[in-house]
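For the sequence shown, full-length UniProt numbering begins at 1 and goes up steadily by one.
Even glycine gets a Cβ: it sits at the ideal position worked out from N, Cα and C.
Note that the coordinates shown come from a computational prediction; the quantities given were computed from them, not determined experimentally.
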Amino acid sequence: MTELLLSVFGIAVNTAAVAYVATRLLDVRYTVWRLIVVSVCGYGLMQYGLLPSLLEPFRYREPTSEEMPGAFALWALVFVTAPVIAMIMLVVWEAVIPTGAVPPVRTWFKGLRTRLRRTRRYLQILAIAGRHGLIGLLRGRRQAAQDAEMARALRLALDDAGVTFVKLGQILSTRRDLLPAVYIAELSKLQDQAAPVPGTSAVRLVEAAAGAPVGEVFARFDPEPVAAASIAQVHTAVLHGGEAVVVKVRRPGAAQAVERDLDIIRRLARSLDRHTSWGRSMDVLGLADGFAEALREEVDFTVEARNLAQVAAAHDRRRAEVRVPRPYADLSDEQVLVMERLQGVPLASARLGDRGLDGRDLAAALLREMFDEIMVDGIFHADPHPGNLMLLDDDRIGLIDYGSVGRLDRELRGSFEAILQAVDRQDGPSLADALVSVSTRPDELDQTGFERALGSFMARHLVPGAAPGIRMFTELFRIIAKYRIVIPPELAAVFRTLATLEGCLTAIDPGFDLIAEARSIGQRYAERRLRPAAVQDLVVEELHDLLPVLRKLPRRFDRLLASVESGQLSVNFRLFAKSEDRRTVTAWLHQTLLTVLAAAAGVMAVMLLGTDSGPALNADFTLYQFFGLSLLLIASVMALRVLADIFTKRSRQE
1 MTELLLSVFG
11 IAVNTAAVAY
21 VATRLLDVRY
31 TVWRLIVVSV
41 CGYGLMQYGL
51 LPSLLEPFRY
61 REPTSEEMPG
71 AFALWALVFV
81 TAPVIAMIML
91 VVWEAVIPTG
101 AVPPVRTWFK
111 GLRTRLRRTR
121 RYLQILAIAG
131 RHGLIGLLRG
141 RRQAAQDAEM
151 ARALRLALDD
161 AGVTFVKLGQ
171 ILSTRRDLLP
181 AVYIAELSKL
191 QDQAAPVPGT
201 SAVRLVEAAA
211 GAPVGEVFAR
221 FDPEPVAAAS
231 IAQVHTAVLH
241 GGEAVVVKVR
251 RPGAAQAVER
261 DLDIIRRLAR
271 SLDRHTSWGR
281 SMDVLGLADG
291 FAEALREEVD
301 FTVEARNLAQ
311 VAAAHDRRRA
321 EVRVPRPYAD
331 LSDEQVLVME
341 RLQGVPLASA
351 RLGDRGLDGR
361 DLAAALLREM
371 FDEIMVDGIF
381 HADPHPGNLM
391 LLDDDRIGLI
401 DYGSVGRLDR
411 ELRGSFEAIL
421 QAVDRQDGPS
431 LADALVSVST
441 RPDELDQTGF
451 ERALGSFMAR
461 HLVPGAAPGI
471 RMFTELFRII
481 AKYRIVIPPE
491 LAAVFRTLAT
501 LEGCLTAIDP
511 GFDLIAEARS
521 IGQRYAERRL
531 RPAAVQDLVV
541 EELHDLLPVL
551 RKLPRRFDRL
561 LASVESGQLS
571 VNFRLFAKSE
581 DRRTVTAWLH
591 QTLLTVLAAA
601 AGVMAVMLLG
611 TDSGPALNAD
621 FTLYQFFGLS
631 LLLIASVMAL
641 RVLADIFTKR
651 SRQE
């Protein structure tokens, strides 16, 4: 019993010593259970390994008075060795399994039901991937010869996986800068359709959003949906004032299913980024994050209602040629959206000739509207595919489904205008400068090669008589990706929108000259900037930005003249002006110094341990060897500090 109590006391003392030394000398904090485990192991090695071997000469006799100082010194060294051994194990443990890699024990049983649902969903997705032969793609094995077959398998798998993955495939089908054309063609076939929710469930959701029975809100409400997708379905209704509206109802459980699948997509993206080269080159992590943000906005109908209100207000200011539905915010919430019903037919199925309409005029009006939304309003429809376009009864174009919009601030609109001007002049260097100025410049950019590639691109696709198409946008995205130019997401959304719009314009008028019309629109913007009123507004804006600086100039100039007159004018140059730079250099110096000291102490320890001469502490051990062991412990602690810095900083960065 006494031995057990002593062992418990020794483990407690060793744990406290390890915790203190790890915090003070190693400058790290570890979890309590790790400290306890390594302390028990270190104390066990000391109690049942080092100490018995040390006491072997005195098993059958007591140490003499001459042997007592040496034996006491060795005992003290052994007791100091126990926490050092524990710290070595602690640092090795951190290197192999960083803190946070394994969830804390207290959380193992928390959220067990959620993890079981996630695991079940994982198994479903893996079964779908295996059924369509996509396991090799997930592991990073892909052959170009199998691209057509793999693209079809990917489309079928995404279709089987449900709403979130169908939406992911639809977004990927617009990313010509990331995927080959064969994948784009296959993913464009994905249709977002589902069985309708029973009318009684839709009525309950509408009543909850309006806070009143359906009969009090609507003069007529059709419980049968006119369209049903995987996230929402659409009903027609009439308000008591006679206004025709559409009611967009989110499917029950859609938000939870989306969140569950987004978590899985994020984990899959992290795995692809870690284990596949094509995943890293495509920036699948950034793609997953952008997709998650866009889909969460699409699921929340309050976002679409806000977008519709902002776009409608912008259209009213400039008297737009294209109409958008007005939302009824007081009847809407995150699950239900009530908005104006535009009277018309889908543009894709409209017979323009029967109504005496010119397809070129409609296409030009749509292109002008999109450029006005981008360049003037700063908020634009980010998904103008044919399903979101209508031909209204008054022969105007209607845009619906503003769940996904893009936004450009004034600076980005100016940058995009500079890009358009460079394209209009077919100026490769100016286009390269405009793209680089709004992007994260690569460390090693071949500026000349980039300019020549853009010049060659414009010579092929932007000359009179050239027929722009999907290949034009695909090649532009390929050039940008080749030279590792990271375009801001807002501008990337503009390029994707224009690439999607190109297909709509071609469907309206197969002979539509996108380049000529875009240049005409660009000239209109240039003429608008040169108008006296526009120049006056620009001057006022610049003066407004400049006034605070001008107010400070007299005082600063007076102080400068006073310094010159008194001979106190000086220029200071600080090499490490930023505190982050000073901390980084200091950390490097500390690590270098500790490494040198640890190496020197280790070499001296080895030399002393190999020395047999000197005062004897006992029959087998000399004083110099004792000093050598002490130096070896000191060298170990200094080396552990360097290793702890390396591993803990690496884990924090990851």
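So the beta strand (DSSP E) Ile-400 belongs to, where does it begin and stop?
-> Careful: Ile-400 lies outside any beta strand (DSSP E) and carries neither H nor E.
Kindly identify the DSSP beta-bridge partner or partners of Leu-337.
-> Lys-248
Can Asp-513 and Ala-363 be called in contact, C-beta distance under 7 Å?
-> no
Who are the near neighbours of Glu-207 in its chain, counting only those whose CB is closer than 7 Å to its CB and skipping five residues on each side?
-> Pro-213 and Val-214
Can you list, in chain order, the residues of its chain whose CB lies under 8 Å from that of residue 662, leaving out five sequence neighbours each side?
-> Within the shown structure, residues of the chain are numbered from 1 to 654, placing residue 662 beyond reach of any answer.
Of the choices Ala-12, Pro-63 and Ser-53, whose alpha-carbon is the least far from that of Val-40?
-> Ala-12
Helix, strand or coil for Thr-440, going by three-state DSSP, please let me know.
-> strand
What's the call for Phe-218, buried or exposed, on a 16-neighbour Cβ count within 10 Å?
-> buried
Could you have a look at His-381 and say whether DSSP puts it in helix, strand or coil?
-> strand
Check Phe-218 in the structure and name its three-state DSSP category.
-> strand
Quick one: what's got a C-beta closer than 6 Å to Ser-439's C-beta in the same chain, skipping five residues either side?
-> Ile-485, Val-486 and Ile-487
Buried or exposed (CB count within 10 angstroms, at least 16 for buried), Gln-335 = buried
Are the beta-carbon atoms belonging to Val-234 and Val-226 less than 7 Å from one another?
-> yes
Sort out for me which residues DSSP pairs Gln-233 with in a bridge.
-> Ala-228 and Val-249
To which residues of the same chain is Phe-416 closer than 8 Å at the C-beta, ignoring the five residues directly before and after it?
-> Ile-374, Met-375, Leu-408, Leu-491 and Val-494
Grouping DSSP H, G and I as helix and E and B as strand, with all else coil, what is Pro-83?
-> helix
With a threshold of 16 other CB atoms inside 10 Å of the CB of Glu-340, please say whether the residue is buried or exposed.
-> buried
What did DSSP end up calling Thr-611 once you bin it into helix, strand or coil?
-> coil
Nearest-angstrom Cα distance between Ala-269 and Arg-478?
-> 22 Å
Tell me Val-345's beta-bridge partners as DSSP assigns them.
-> Leu-391
With 16 other CB atoms within 10 Å as the buried threshold, where does Met-458 fall?
-> buried
Considering only residues of the same chain and omitting the five flanking positions on each side of Ala-144, which have a CB-CB separation below 7 Å?
-> With a pLDDT of only 46 at Ala-144, under 50, the local geometry of the prediction cannot be trusted, and the value read off the model is given with reservation. Here the set comprises nothing.
Best match in Ala-644, Asp-446 and Gln-426 for proximity to Arg-460 [C-alpha to C-alpha] | Gln-426
Just confirm the distance between the C-beta atoms of Arg-155 and Trp-93, as a whole number of angstroms; I'd bet it's less than 8 Å.
-> Incorrect: roughly 46 Å between the Cβ atoms, too far for contact.
Limits of the alpha helix (DSSP H) - the one that Arg-407 falls within | Per DSSP, Arg-407 belongs to no alpha helix (DSSP H); it is in the beta strand (DSSP E), 405–407.
Pair within 7 Å by beta-carbon distance, Arg-641 and Leu-594 = yes
Assign Tyr-48 to buried or exposed, taking buried as 16 or more other Cβ atoms, counted over all protein chains shown, within 10 Å of its Cβ.
-> exposed
Could you check if Phe-371 is buried or exposed, using at least 16 other CB atoms within 10 Å of its CB as the buried criterion?
-> buried
What residues are listed by DSSP as bridge partners for Leu-327?
-> First, the residue type needs correcting, since residue 327 is Pro and not Leu in the sequence shown. For Pro-327, which the question treats as bridged, DSSP gives the partners Met-339.
Name the one or two DSSP bridge partners that Val-486 has.
-> Thr-440
Cβ neighbours of Arg-251 in the same chain (closer than 8 Å, five flanking residues each side left out) | Ala-194, Val-197, Ser-230, Ile-231, Ala-232 and Gln-233
When the Cα atoms are used, what is the spatial distance from Ser-271 to Ser-404?
-> 28 Å
Leaving out five residues before and five after Pro-237 in sequence, what residues of the same chain have Cβ atoms less than 7 Å from its Cβ?
-> The sequence as given places Ala at residue 237; Pro does not occur at that position. Only Phe-218, Arg-220, Phe-221, Asp-222, Val-245 and Val-247 meet the Cβ criterion.
In terms of residue numbering, what span does the alpha helix (DSSP H) encompassing Ile-374 cover?
-> First-last for Ile-374: undefined, no H or E at that position.
Three-state secondary structure (DSSP) at Leu-239?
-> strand
CA nearest to the CA of Ala-453, picked from Leu-546, Gly-253, Glu-475 and Asp-395 = Glu-475
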